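Engineer:
Numbering (UniProt numbering), first residue to last: 1 to 907.
1) Could you name the residues of the same chain whose beta carbon sits closer than 6 Å to that of residue 430, not counting the 5 residues immediately before and after it, in chain order?
2) Confirm, please, whether the CB-CB distance from residue 508 to residue 444 is below 7 Å.
3) I need the straight-line Cα distance from residue 405 to residue 397, nearest angstrom please.
4) Report buried or exposed for residue 290, applying the criterion of at least 16 other Cβ atoms within 10 angstroms of its Cβ.
5) What number of angstroms, rounded off, separates the C-alpha of residue 421 from the C-alpha of residue 629?
6) Check whether the stretch 303-313 touches the stretch 275-292, counting contact only when three or more Cβ pairs, one atom from each stretch, lie closer than 8 Å.
7) For residue 475, report the span of its beta strand (DSSP E) as first-last.
8) Suppose the cutoff is 7 Å on Cβ atoms and the five residues either side in sequence are ignored; what does the same chain contact list for residue 82 look like?
9) To which residues of the same chain is residue 865 closer than 8 Å at the C-beta, ignoring the five residues directly before and after it?
10) Could you spell out where the alpha helix (DSSP H) holding residue 859 opens and where it closes?
11) Counting only the same chain and skipping the five closest in sequence on each side, list residues whose C-beta sits under 8 Å from that of residue 539.
12) Taking DSSP as the reference, what is the three-state secondary structure of residue 416?
13) May I have the straight-line CA-CA distance separating residue 55 from residue 23, to the nearest angstrom?
14) Within the continuous beta strand (DSSP E) that includes residue 188, where are the two ends?
15) Smallest Cα separation from residue 334: which of 37, 369 and 280?
16) Terminal residues of the continuous beta strand (DSSP E) containing residue 178?
17) Please identify the residue among 593, 597 and 627 whose C-alpha is closest to the C-alpha of residue 611.
18) Classify residue 103 as buried or exposed, calling it buried when 16 or more other Cβ atoms lie within 10 Å of its own Cβ.
19) In three-state DSSP terms, what is residue 518?
20) Please confirm whether residue 267 and residue 303 have their CB atoms less than 7 Å apart.
21) Compute the Euclidean distance between the alpha carbons of residue 136 and residue 373, then round it to the nearest angstrom.
22) Closest to residue 791 by C-alpha separation, out of 608, 384, 713 and 623, would be which residue?
23) Taking the alpha-carbon of residue 354 as reference, which of 337, 377 and 336 has the nearest alpha-carbon?
24) How big is the Cα-Cα spacing for residue 361 and residue 293?
25) For the beta strand (DSSP E) that residue 103 lies in, which residues bound it at each end?
26) Check the DSSP bridge columns for residue 489 and list the partner residues they point to.
27) May I ask you to list the residues that DSSP assigns as paired with residue 90?
28) Per the contact definition of three or more C-beta pairs closer than 8 Å, is the stretch 725-737 in contact with the stretch 770-784?
29) Please report how far the alpha carbon of residue 736 lies from the alpha carbon of residue 570, in whole angstroms.
30) Please state whether DSSP places residue 37 in a helix, a strand or coil.
31) Consult DSSP for residue 373 and reduce its assignment to one of helix, strand or coil.
32) Taking the alpha-carbon positions, what's the residue 197 to residue 90 distance?
33) Got a sec? Which residues, its chain only, sit under 8 Å from residue 263 by beta carbon, not counting five neighbours each side?
34) Got a sec? Which residues, its chain only, sit under 7 Å from residue 472 by beta carbon, not counting five neighbours each side?
35) Compute the Euclidean distance between the alpha carbons of residue 411 and residue 467, then round it to the nearest angstrom.
36) Can you find the residues in the same chain that come closer than 8 Å, C-beta to C-beta, to residue 738, ignoring five residues on each side of it along the sequence?
As structure tokens, this is what we get:
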């Protein structure tokens, strides 16, 4: 898989011959012909113009064995050493490293140090020498064991120094960093193939860091370190990545963002921190995992840097960010972002895992960039395109539209109309290095695009096409300046409303994407610092004097009425708007800001045009008062509102009414009003005793007392306001004239009602009667409008009282009282409702049992005689009428015998 990408020329190739340019690609997990080595890693040489690549034989040997105490012992281990993890070139010098290489430090134990090693060629891949700066006698965790030297490395111009960044472990879990440097001449001079431990004369290295720098990974991450002259002072500067850098986010927790440190070289190996250090913007993106010096991409005299984020982007597939240099170091923000187009559900692409640049591979005068994607074994070439520096200008003359001066002619169908117009001119100049002979541009001019977005209501149009935009495509030679002139006109006064705000005219230009490519197959791009958007403005001349500034004096008065909490309030808001100034008020509008409690329902008076609008949580009315509202105008009008959501926040409902700069406030008073009523639902009469009821000598059960009586009371809130607390009291007689009348049994409630009484409510225990009057006190909770509570009292009527007095009728008269004690408003009500009412639950009527069955004897005898007399009279009448004297229709027997046959037959 590609790890680090570098460009190097063939030994016999000329610098101007692109066909002989080759690229070195590291593959840390490749298998080679080295004997008994598994995935030792390799470096491939890939010619630019060919697709086939070949392995460079930096090291052809397998693992080395030494006789120790007459035992042939393996002393180094090259399998899985990641050779090619780092590849660097500088002129004819090429360096390739294996940071996971390790060797046996003790012959009698399997203990080994992962020190890493590198191979160097200074003659264009002809001969190679090994450079293992950490394979020393200072092995083990406390020395340079676990050094992983060569995890990143680079060349500098200063005496061809090789910087190697080993990863040193004081303890296995505490990685820190160290820098080692030596010249290529000293490395070659110190190399002896038969020597295993080599010492390079003149080698320098940083001190072992303190324990508080554990986990810093100084210089660790995969060619993240880069040496390049950023500020154009002739000295190489150092850029170091810290992909695991953490800082506290907005939540206060540590976030792994990554950071890039820039050190400017003020003298030989004298480095000072720059003014800015780019910081990653995405958590866990590993910003700074790879670095590449790009050279001067934008041709501004300062070299630029590519920074890899192999796990960045929305899909975590990887990003590469381009940062431009300047005298103080690197810019804080990137000017370009590159992303891979591969998707992988099983393994991230890791686009930007490896970067190499600062080489003009296609010979177009600009350096190119190669990006490696670790997850999919790909390397991508990004060719730098030529940079165009362009400047533009936009001029409007005159800058004021005079509606009275119509100097242009507009052809509209068969008519020619005089209109007010101004001239518009825009110019463009372009130049740059290594550019094509001609450059294609597209320029677009927009009219009045800031104020309006719909073309039908824009105030100005181009005279030629009668449209609000103009697009021009043209070609410019390198260094040429081109200008274009046209005219724009003001539309009719009745076609738009806004006469006050400026008419913004904007120019936006870009390179023509359809222009032909250059001889290298590339299209130029604009310098990122180019101002592609230019804007000018014009005004409409008003009838407001030489300064074109109107000075209206608008006055406003507002009046409202009262509303009640809880009611469906409806009222009118009346206002008077006046212009007492010396000039007309253009676009005069009245704004009424609605409070949360109110809704708009319509216009109450006057012919007024209003629209209802809402923005975020603010609702308001916009009413047109005239364009212009002339001096001396006085307008009376009214608006209707409802207040269905009135709350007890304040004792007023506030309406803010605004007319331009004049503001009035209408405070509609809110009040509390409530109506509470108490009703009784009951049976009209109680007639007893029940069937088969007898007087009991002793009372042991509830039914022995007498018939049951239900008393139902309902307390209703008729509104409009809410009642939070009230009382309900019921008093009924238990004894009258020394005789018991009622015996209370139980109380059942519905709603927020809590009752108590000193009278004993007892069904099962011995029945006792203590008080002359029964009194029930109840506390009523929150009652919304229309809500009610129900009190149901079940009692027994004392039957014995009515047995002893069988002809008396008793009316059980009770007293019901209610009072509103508290309402959930800070606004005091006009009054707190209360009342009392005498009610008769039921009329009790008693009839003795024998009065329904015993009838006097004389009445029975009289009834029998009357019946006999009536029957005798009936019989006499029937006799007189001949009812008892009926005759045979055939006469006597003899008469029957003398009948003729016919008569007999008929008979």
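Using N, Cα and C, we set each Cβ at its ideal position, and we do this for glycine too.
As the structure is a computational prediction, the values presented were derived from the model and not from experiment.
Structural biologist: The relevant details are as follows:
1) For residue 430, where only same-chain residues beyond five positions count, the Cβ hits under 6 Å are 388, 390, 439 and 476.
2) Taking a C-beta distance under 7 Å as the contact criterion, residue 444 and residue 508 qualify as a contact pair.
3) Straight-line Cα distance between these residues: approximately 14 Å.
4) By the neighbour-count definition (other C-beta atoms within 10 Å, threshold 16), residue 290 is a buried residue.
5) Note on geometry: alpha-carbon atoms of residue 421 and residue 629 lie some 26 Å from one another.
6) Yes, they touch.
7) 469-477 is the extent of the beta strand (DSSP E) around residue 475.
8) Non-local beta-carbon contacts of residue 82 in its own chain, meaning distances under 7 Å to residues more than five positions away in sequence, involve 28, 41, 98, 99 and 100 in chain order.
9) Within the same chain, and ignoring the five residues on either side of residue 865 in sequence, no residue has its Cβ closer than 8 Å to its Cβ.
10) 857-880 is the extent of the alpha helix (DSSP H) around residue 859.
11) Result list for residue 539: 399, 400, 401, 502, 503 and 548, in chain order.
12) If DSSP states are grouped into helix, strand and coil, residue 416 belongs with the strands.
13) Rounded to whole angstroms, the gap between the alpha carbons of residue 55 and residue 23 is 12 Å.
14) Here residue 188 belongs to no beta strand (DSSP E); instead the alpha helix (DSSP H) covers 184-190.
15) For residue 334, the closest C-alpha among the options 37, 369 and 280 is that of 280.
16) Here residue 178 belongs to no beta strand (DSSP E), and DSSP marks it neither H nor E.
17) For the residues 593, 597 and 627, the minimum Cα distance to residue 611 belongs to 593.
18) Flag for residue 103 reads buried.
19) Looking at residue 518 - three-state DSSP - the assignment turns out to be coil, as it is neither helix nor strand.
20) Not a contact, by the Cβ cut-off of 7 Å.
21) C-alpha separation (whole angstroms): 35 Å.
22) Of the candidates 608, 384, 713 and 623, the residue whose Cα lies closest to the Cα of residue 791 is 713.
23) Among 337, 377 and 336, the Cα nearest to that of residue 354 belongs to 377.
24) Between the alpha carbons of residue 361 and residue 293 lies a gap of roughly 15 Å.
25) Unbroken beta strand (DSSP E) run through residue 103: 102-104.
26) Paired residues: 421 and 461.
27) Residue pairing for residue 90: DSSP places it in a beta bridge opposite 93.
28) Yes, since at least three Cβ pairs between the stretch 770-784 and the stretch 725-737 fall closer than 8 Å, the two stretches touch.
29) Straight-line Cα distance between these residues: approximately 54 Å.
30) The three-state reading of DSSP puts residue 37 in coil, since its state is none of H, G, I, E or B.
31) When DSSP states are grouped into helix, strand and coil, residue 373 belongs to the strand group.
32) If you take the alpha carbons of residue 197 and residue 90, they lie about 26 Å apart.
33) Excluding sequence neighbours, residue 263 sits near 237, 238, 239, 240, 271, 272, 273 and 274.
34) For residue 472, same chain residues with a beta-carbon under 7 Å away, outside a window of 5 residues either side, are 443 and 484 in chain order.
35) So the alpha carbons of these two residues sit roughly 13 Å apart.
36) So no residue of the chain qualifies.
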